[in-house]
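S.K.: This is the structure I want to talk about, given as structure tokens.
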Amino acid sequence: MSEPFEPKIVAFVCTYCTYAGADLAGTSRMKYASNVRIVRLPCTGRISPMFILKALQKGADGVLVSGCHPGDCHFAQGNYHARRRWTVFRALLSFTGIPEERIKFSWISAAEGAKFAELINGVTEEIRSLGPFEQYQELQKIIETQSTY
Amino acid sequence: MAKIGVFVCHCGENIASMVETAKLVSTIADHPGVEISTEYKYFCSDPGQETVKKAIREHNLTGVVVAACSPRMHEQTFRKACAEAGLNPYMLEMANIREHCSWVHTDKKEATDKAIEITRSLVEKVKRNNDLQPISVPVTRRAMVIGGGVAGIQAALDIASAGREVVLVEREPSIGGHMAQLSETFPTLDCSQCILTPRMVEAIQHPNITVMTYSEVEEVDGYIGNFSVKVRKKARYVKMETCTGCGDCIQKCPVKKIPSEFECSLGNRTAIYTPFAQAVPNVPVIDRSRCTYFKNGKCGICKKTCQIDSIDFDQQDIIETLEVGAIVVATGFQVQDTSGYGEYGYGRYKDVITGLHFERLASASGPTAGKILRPSDGKEPQTVVFIQCAGSRDVSKGVRYCSRICCMYTSKHAMLYAHKVHEGVSQIFYMDIRAAGKGYDEFTRRAIEEDKAGYIRGRVSKVYEENGKLIVRGADTLLGRQVEVQADMVVLATAMVPQHDAKDFAKKIGISYDEYGFYNEAHLKLRPVESSTAGIYLAGACQSPKDIPDSVAQASAAAAKVLGLFSKEHLEREPVVAMVTESTCAGCWGCATACPYNAIDHRDINDRNGNLIKRVASVNPGLCQGCGTCVSFCRSNSIDLAGFTEKQIFAEVMAL
Numbered sequence: 027m028s029e030p031f032e033p034k035i036v037a038f039v040c041t042y043c044t045y046a047g048a049d050l051a052g053t054s055r056m057k058y059a060s061n062v063r064i065v066r067l068p069c070t071g072r073i074s075p076m077f078i079l080k081a082l083q084k085g086a087d088g089v090l091v092s093g094c095h096p097g098d099c100h101f102a103q104g105n106y107h108a109r110r111r112w113t114v115f116r117a118l119l120s121f122t123g124i125p126e127e128r129i130k131f132s133w134i135s136a137a138e139g140a141k142f143a144e145l146i147n148g149v150t151e152e153i154r155s156l157g158p159f160e161q162y163q164e165l166q167k168i169i170e171t172q173s174t175y
Numbered sequence: 019m020a021k022i023g024v025f026v027c028h029c030g031e032n033i034a035s036m037v038e039t040a041k042l043v044s045t046i047a048d049h050p051g052v053e054i055s056t057e058y059k060y061f062c063s064d065p066g067q068e069t070v071k072k073a074i075r076e077h078n079l080t081g082v083v084v085a086a087c088s089p090r091m092h093e094q095t096f097r098k099a100c101a102e103a104g105l106n107p108y109m110l111e112m113a114n115i116r117e118h119c120s121w122v123h124t125d126k127k128e129a130t131d132k133a134i135e136i137t138r139s140l141v142e143k144v145k146r147n148n149d150l151q152p153i154s155v156p157v158t159r160r161a162m163v164i165g166g167g168v169a170g171i172q173a174a175l176d177i178a179s180a181g182r183e184v185v186l187v188e189r190e191p192s193i194g195g196h197m198a199q200l201s202e203t204f205p206t207l208d209c210s211q212c213i214l215t216p217r218m219v220e221a222i223q224h225p226n227i228t229v230m231t232y233s234e235v236e237e238v239d240g241y242i243g244n245f246s247v248k249v250r251k252k253a254r255y256v257k258m259e260t261c262t263g264c265g266d267c268i269q270k271c272p273v274k275k276i277p278s279e280f281e282c283s284l285g286n287r288t289a290i291y292t293p294f295a296q297a298v299p300n301v302p303v304i305d306r307s308r309c310t311y312f313k314n315g316k317c318g319i320c321k322k323t324c325q326i327d328s329i330d331f332d333q334q335d336i337i338e339t340l341e342v343g344a345i346v347v348a349t350g351f352q353v354q355d356t357s358g359y360g361e362y363g364y365g366r367y368k369d370v371i372t373g374l375h376f377e378r379l380a381s382a383s384g385p386t387a388g389k390i391l392r393p394s395d396g397k398e399p400q401t402v403v404f405i406q407c408a409g410s411r412d413v414s415k416g417v418r419y420c421s422r423i424c425c426m427y428t429s430k431h432a433m434l435y436a437h438k439v440h441e442g443v444s445q446i447f448y449m450d451i452r453a454a455g456k457g458y459d460e461f462t463r464r465a466i467e468e469d470k471a472g473y474i475r476g477r478v479s480k481v482y483e484e485n486g487k488l489i490v491r492g493a494d495t496l497l498g499r500q501v502e503v504q505a506d507m508v509v510l511a512t513a514m515v516p517q518h519d520a521k522d523f524a525k526k527i528g529i530s531y532d533e534y535g536f537y538n539e540a541h542l543k544l545r546p547v548e549s550s551t552a553g554i555y556l557a558g559a560c561q562s563p564k565d566i567p568d569s570v571a572q573a574s575a576a577a578a579k580v581l582g583l584f585s586k587e588h589l590e591r592e593p594v595v596a597m598v599t600e601s602t603c604a605g606c607w608g609c610a611t612a613c614p615y616n617a618i619d620h621r622d623i624n625d626r627n628g629n630l631i632k633r634v635a636s637v638n639p640g641l642c643q644g645c646g647t648c649v650s651f652c653r654s655n656s657i658d659l660a661g662f663t664e665k666q667i668f669a670e671v672m673a674l
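The listed protein sequences derive, respectively, from chains A and B.
Take 27 as the starting number for the first sequence in the working numbering and just add one per residue.
Take 19 as the starting number for the second sequence in the working numbering and just add one per residue.
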């Protein structure tokens with residue numbers, strides 16, 4: 027192996043807490059790994075499991091979902107919906123063949139810049155140790171070959 | 019065909035020192051749909067904004083991506099610039115390559131690659147943005163205040179004095195609320211009635227205020243600016259228009275032994291009654307359940323007595339529908355039922371009373387005309403024990419919170435007692451003394467130093483009777499020993515709890531409440547007077563335990579919010595709201611259960627003959643706050659969030 031594997035991670039975050047927390051990490055000039063790409067949404071309640079599957083299908087090695095702490099949601103209940111949806115979705119993951127460790131769920135408030143930087147480094151390290159996520163691409167190939175029938 | 023302009027900002031050195039902007043510009047220039055890609059030192063500056071505007075006009079751009087700082091910083095700036103150049107302001111996206119990239123990374127290549135990906139994904143998003151128009155909602159500039167206590171009166175007066183109409187709804191026969199029951203008020207010891215009754219009169223005489231007493235809100239429909247409220251005016255059996263409040267009927271009513279609610283059962287009232295002498299309006303009501311005429315048709319003495327024929331036994335409840343633009347909920351609190359405190363003997367011993375009873379005993383207009391007398395034998399108590407936190411801060415009684423007023427009113431009670439019974443001894447069992455407020459700590463010190471209130475830090479375990487005396491057994495945790503105090507009277511500082519029907523009422527009007535039943539504010543710190551529902555505001559103890567100054571302050575704050583809403587004929591809102599594709603909606607109402615704002619209604623689709631074809635979800639843009647929870651809930655992808663549509667997000671993800 028010449029170079030260490032650099033995972034690509036897609037983060038779905040809410041604009042009120044985690045996005046602001048990431049902004050704070052920036053204004054505080056905290057340094058963290060550059061593997062995460064942020065998709066900004068109004069609320070974690072807006073996050074459909076399909077987003078996560080699409081990200082993995084399109085080459086992400088890991089997905090991060092992060093929003094306001096329970097009880098702090100700008101929209102009162104959105105993060106509770108997200109949490110419940112995640113519980114159901116997690117149960118379906120093993121069925122679909124996606125390792126649960128590829129998806130991280132966390133709460134970061136707008137004041138937790140340092141926690142955000144820590145989280146990104148931690149998640150990046152974990153996904154790196156899991157290696158690239160190729161099952162989906164393999165599946166894609168199978169589908170493509172089968173569709174030639 | 020999309021024509022996207024990408025504007026890469028250097029932010030001085032902030033971005034340019036870590037991201038190779040030239041590479042970013044040239045890479046993005048080759049991306050499909052990008053018409054122009056350019057860089058500049060400060061796009062947020064005047065010449066920078068001019069560059070953006072010029073490019074929009076010259077290239078007829080259909081979308082703009084500014085790769086610069088966080089959208090939380092300059093999204094509004096560039097939206098405005100777009101609008102000035104004739105482009106819909108919602109055709110702009112900010113690629114955050116400063117806070118999320120150049121400031122947090124140390125490797126130039128990595129940072130540049132990330133910046134390219136961020137910008138590219140937002141170009142893909144902006145291609146799918148739609149023109150959005152701010153939502154305009156008409157506002158009915160009339161307010162309803164529910165609850166006629168001091169908070170409701172204050173809110174009504176403030177709104178009315180600013181020139182707007184107010185309907186003040188109170189379910190009791192008189193406005194005044196709990197404050198009317200109090201004797202003197204801390205920390206100034208001015209008499210409650212003296213400061214409250216003038217305000218009550220002011221409210222009922224105000225040309226902009228319609229006071230509806232003995233009336234209850236039945237139903238609230240609509241949304242911010244456009245509520246429709248059904249109010250039940252309960253039958254008084256006394257004509258409001260003609261009654262002069264002479265009180266002859268009350269004098270003559272033969273049913274005299276009804277425990278008075280206002281006097282906390284320390285005094286009696288008649289079947290036709292006003293709750294207290296200074297009631298506003300001073301028009302009695304007939305308590306149908308106790309009136310002999312309504313029981314068996316015999317009596318009618320009040321009707322015979324009334325010289326102007328104002329008694330009307332045939333009156334019926336009337337339901338009135340009122341259109342209002344804003345609602346202030348000021349429904350107040352009630353005193354916790356202390357019967358769960360068997361160890362304190364409340365209900366078993368007549369001389370164990372609550373703080374509110376003591377207020378009535380100390381009140382000059384109360385059943386004892388202001389003399390402190392024991393309820394059991396009418397004698398003056400020589401020793402009074404006060405027990406603080408009788409309910410509050412007690413997990414086992416389900417009240418974990420502090421009721422906030424008890425420390426202060428117990429001090430006040432000890433003071434009033436000392437002023438009225440000079441040789442009397444007062445002992446106060448307390449957990450902490452919480453006297454945070456203007457003049458509050460000075461007040462409790464005065465009770466201790468001048469009026470000889472004895473404070474014992476510790477909890478009471480038991481109150482029992484022995485030889486005609488109440489024995490209060492408890493701990494003195496400062497001295498570390500058990501204590502027993504003989505008392506003639508025990509006063510419990512009972513907890514303030516939500517009204518018994520607070521939760522049902524919240525459901526009726528569509529606001530949220532906490533585990534106890536206190537109403538939730540939109541944000542505990544930053545939006546403390548707004549409820550979770552737009553256009554409904556909170557004031558007073560219905561939100562959390564509060565003293566009079568705080569209730570009044572919150573009421574004025576709520577009034578200010580209402581007046582802010584009423585400052586324009588139309589309300590403009592961000593167009594980030596959910597929208598329904600009616601052709602695919604199956605009407606499962608999953609979205610409606612997910613919506614935290616009750617913003618989703620049913621809508622019937624009929625054919626031209628008026629036959630129902632199907633029923634679909636319909637979003638009320640006045641209520642929708644744009645969280646998008648409904649979108650990810652929808653099984654058939656029939657609901658979407660403007661500004662964050664499925665198409666946009668998927669495009670964004672796929673371009674990363």
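All residues carry an ideal CB built from backbone N, CA and C; glycine is no exception.
Flag B:Pro216 as yes if its beta-carbon sits less than 7 Å from any beta-carbon of chain A, otherwise no.
M.R.: Not closer than 7 Å to any Cβ of chain A, the Cβ of B:Pro216 fails to qualify, so no.
S.K.: In angstroms with no decimal places, state the Cα-to-Cα distance between B:Leu674 and B:Pro546.
M.R.: Approximately 40 Å, taken between the alpha carbons.
S.K.: In whole angstroms, what is the alpha-carbon distance linking B:Phe280 and A:Lys141?
M.R.: Looking at the two C-alpha atoms, the distance is approximately 55 Å.
S.K.: Using a Cβ-Cβ cut-off of 6 Å (strictly less than) and excluding sequence neighbours within five positions of B:Ser530, which residues of its own chain qualify?
M.R.: Same-chain partners within the cutoff: Asn538 and Ser550.
S.K.: Does the region 167-175 of chain B touch the region 70-86 of chain B, meaning 3 or more C-beta pairs lie closer than 8 Å?
M.R.: No, they do not touch.
S.K.: Using only the alpha-carbon positions, how far apart do B:His620 and B:Lys41 sit?
M.R.: Taking the straight line joining both Cα atoms gives about 52 Å.
S.K.: Rounded to the nearest angstrom, what separates B:Val24 and B:Val84 at their Cα positions?
M.R.: If you take the alpha carbons of B:Val24 and B:Val84, they lie about 6 Å apart.
S.K.: In the DSSP assignment, find the unbroken alpha helix (DSSP H) run with B:Lys72 in it and report its ends.
M.R.: Note, B:Lys72: alpha helix (DSSP H), Asp64 to His77.
S.K.: Need the endpoints of the beta strand (DSSP E) that B:Lys579 sits in, please.
M.R.: It is not in any beta strand (DSSP E) - B:Lys579 instead sits in the alpha helix (DSSP H) that spans Ile566 to Leu583.
S.K.: Can you find a C-beta in chain B that's less than 7 Å from the C-beta of A:Leu90?
M.R.: Closer than 7 Å: no.
S.K.: Span of the alpha helix (DSSP H) holding A:Trp112?
M.R.: Segment Gly104 to Thr122, the alpha helix (DSSP H) holding A:Trp112.
S.K.: If you reduce the DSSP assignment to three classes, tell me which class B:Asn485 lands in.
M.R.: Note: B:Asn485 maps to coil in three-state DSSP.
S.K.: When you check each C-beta in the region 74-104 of chain B against every C-beta of chain A, which residues fall closer than 7 Å?
M.R.: Correct list: Ser88 and Arg90.
S.K.: What do you get for B:Asn147, buried or exposed, if any count of 16 or more other CB atoms within 10 angstroms of its CB means buried?
M.R.: Buried, by the Cβ-count rule.
S.K.: With 7 Å set as the bound, which would you pick, yes or no: does the beta-carbon of A:Glu145 sit closer than that to a beta-carbon of chain B?
M.R.: One detail in the question is off: residue 145 of chain A reads as Leu in this sequence, not Glu. No, because no Cβ of chain B sits closer than 7 Å to the Cβ of A:Leu145.
S.K.: On the three-state DSSP scale, how would you describe B:Lys274?
M.R.: It is coil, neither helix nor strand.
S.K.: In the DSSP output, which residue or residues are listed as bridge partners for A:Trp133?
M.R.: In the DSSP output, where bridge partners are listed per residue, A:Trp133 has A:Gly93.
S.K.: I'd like to know if the region 99-118 of chain B and the region 47-58 of chain B are in contact, where contact means that at least 3 CB-CB pairs between them fall below 8 Å.
M.R.: The region 99-118 of chain B is not in contact with the region 47-58 of chain B.
S.K.: Go to B:Lys632, then tell me how far its beta strand (DSSP E) extends in each direction, as first and last residue.
M.R.: Taken as a continuous stretch (DSSP letters only), the beta strand (DSSP E) holding B:Lys632 covers Leu630 to Val637.
S.K.: Chain B beta carbons: is any one of them nearer than 7 Å to that of A:Tyr175?
M.R.: At A:Tyr175 the pLDDT is 49, less than 50, meaning the model places this residue with poor confidence and gives no usable figure here.
S.K.: With DSSP run on the structure shown, which of helix, strand or coil describes B:Thr95?
M.R.: Helix.
S.K.: Tell me the DSSP secondary structure of B:Gly81 in three-state form.
M.R.: It is a strand residue.
S.K.: Sorted by chain position, which residues of the same chain lie with C-beta nearer than 8 Å to B:Gly646's C-beta, five sequence neighbours on each side aside?
M.R.: Ala596, Leu659 and Phe662, listed in sequence order.
S.K.: Here's the rule I'm using: 16 or more other beta-carbon atoms within 10 Å means buried, otherwise exposed. How should A:Glu164 be labelled?
M.R.: Exposed, since its Cβ has fewer than 16 Cβ neighbours within 10 Å.
S.K.: Hey, how far is the Cα of A:Pro33 from the Cα of A:Thr171?
M.R.: Cα to Cα, the separation comes out at about 27 Å.
S.K.: Among all the DSSP beta bridges, which residues are the ones paired with B:Arg491?
M.R.: Partner(s): B:Lys480 and B:Glu502.
S.K.: Using 8 Å for Cβ pairs, my map puts B:Val598 next to B:Ile657. What's the rounded Cβ distance?
M.R.: At roughly 5 Å, the Cβ-Cβ gap stays under 8 Å, so B:Val598 and B:Ile657 are in contact.
S.K.: For A:Tyr175, which three-state DSSP category applies?
M.R.: Only weak support exists for where A:Tyr175 lies, its pLDDT of 49 falling under 50; the value from the coordinates is given anyway. Coil at A:Tyr175, not helix or strand.
S.K.: Less than 7 Å between the beta carbons of B:Ile276 and B:Ile290, yes or no?
M.R.: No. Outside cutoff.
S.K.: Tell me whether B:Ile136 counts as near the ligand HEM, meaning its Cβ is closer than 6 Å to at least one heavy atom of that ligand.
M.R.: This structure lacks the ligand HEM, and indeed carries no ligand of any kind.
S.K.: Compute the distance between the beta-carbons of B:Ala465 and B:Ala511, then report whether it is under 7 Å.
M.R.: Against a cut-off of 7 Å, the Cβ pair of B:Ala511 and B:Ala465 comes out as no contact.
S.K.: Distance, Cα to Cα, B:Phe376 vs B:Arg392?
M.R.: If you take the alpha carbons of B:Phe376 and B:Arg392, they lie about 10 Å apart.
S.K.: Taking Cβ positions only, does B:Cys645 come closer than 7 Å to chain E?
M.R.: Of the protein chains in this structure, namely A and B, none is chain E.
S.K.: Mapping DSSP to helix, strand and coil, what is B:Lys321?
M.R.: DSSP places B:Lys321 in helix when its eight states are reduced to three.
S.K.: As a quick exercise: from B:Asn300, B:Asp335 and B:Lys313, pick the residue whose alpha carbon is nearest that of B:Val235.
M.R.: Answer by Cα proximity: B:Asp335.
S.K.: Just mark B:Phe204 as buried or exposed, buried being the case when its beta carbon has 16 or more other beta carbons within 10 Å.
M.R.: Classification for B:Phe204: buried.
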